[in-house]
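Peer 1: Residues in the sequence shown are numbered consecutively from 24, following our numbering.
Let me give you the structure first, and then I'll get to my questions.
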Amino acid sequence: MDETKVFAPYRCCATFIDGSRLAFDGLTREQARAAMEAAIEDHGGDYGPWHWVTDENYINGEYYKLIPPPPRLPFPIIDLSDCETEEERQKALQDPFEEDGEP
């Protein structure tokens with residue numbers, strides 16, 4: 024049996040006046056919200072609280088794999104906190120790697 028799961032790029036969730044709580048997916052935020060608005064007539068004429076889904080697959084309504092990684096610094100961060108003397112600090116800044124290539 025194939026256990027493939029498909030996740031839409033955007034998902035919101037709404038609680039309707041008739042008590043139902045439903046999730047709505049879309050290829051864009053606007054499409055997901057429009058699907059939620061279109062369900063109003065089927066569920067009592069209005070909805071109560073709604074939100075963009077945050078769970079193991081979504082962060083604020085956006086599928087987590089679509090969120091870009093945080094930016095990387097273009098230079099290495101050199102920790103000098105373990106250097107006890109100014110001479111050790113200067114050596115670490117001039118030659119941040121040991122002879123074997125380890126920091």
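Every residue, glycine too, gets a C-beta built ideally from N, C-alpha and C.
Just so we're clear, the structure is a prediction, and the values are computed from it rather than from any experiment.
Would DSSP call Glu107 helix, strand or coil?
Peer 2: The count along the sequence shown starts at 1 and reaches residue 107 at position 84. It is coil, neither helix nor strand.
Peer 1: CB-CB under 8 Å to His66, same chain, minus the five flanking residues each way: which ones, in chain order?
Peer 2: Walking along the sequence shown from the start, residue 66 turns up at place 43. Cβ neighbours of His66 beyond the five flanking positions: Phe39, Ile40, Asp41, Ser43, Leu45.
Peer 1: Note down, one range per segment and in chain order, each beta strand (DSSP E) of at least 3 residues found wholly within the stretch 51–118.
Peer 2: Here the runs fully enclosed are 70–75.
Peer 1: In chain order, what residues of the same chain lie with their CB nearer than 8 Å to the CB of Val29, ignoring the 5 residues before and after it?
Peer 2: Numbered from 1 along the sequence shown, position 6 holds the residue referred to as residue 29. Around Val29: no qualifying Cβ.
Peer 1: Is Gly49 closer than 8 Å to Ala61 when the C-beta atoms are compared?
Peer 2: As a first step, residue 61 is located in the sequence shown; it is residue number 38 there, counting from the start. As a first step, residue 49 is located in the sequence shown; it is residue number 26 there, counting from the start. Not a contact, by the Cβ cut-off of 8 Å.
Peer 1: Look at the alpha carbon of Gly71 and the alpha carbon of Cys36, and state the distance between them as a whole number of angstroms.
Peer 2: In the sequence shown, the residue the question calls residue 71 occupies position 48. In the sequence shown, the residue the question calls residue 36 occupies position 13. Distance between the alpha carbons of Gly71 and Cys36: 10 Å.
Peer 1: Would a C-beta distance cut-off of 8 Å place Gly84 and Trp73 closer than the cut-off?
Peer 2: Along the sequence shown, one-based indexing puts residue 84 at 61. Along the sequence shown, one-based indexing puts residue 73 at 50. In this structure, Trp73 does not lie closer than 8 Å to Gly84 by Cβ.
Peer 1: Note down the Cα distance separating Tyr12 from Pro94, rounded to an integer number of angstroms.
Peer 2: It is not possible to answer for residue 12, since the shown part of the chain is limited to 24 through 126.
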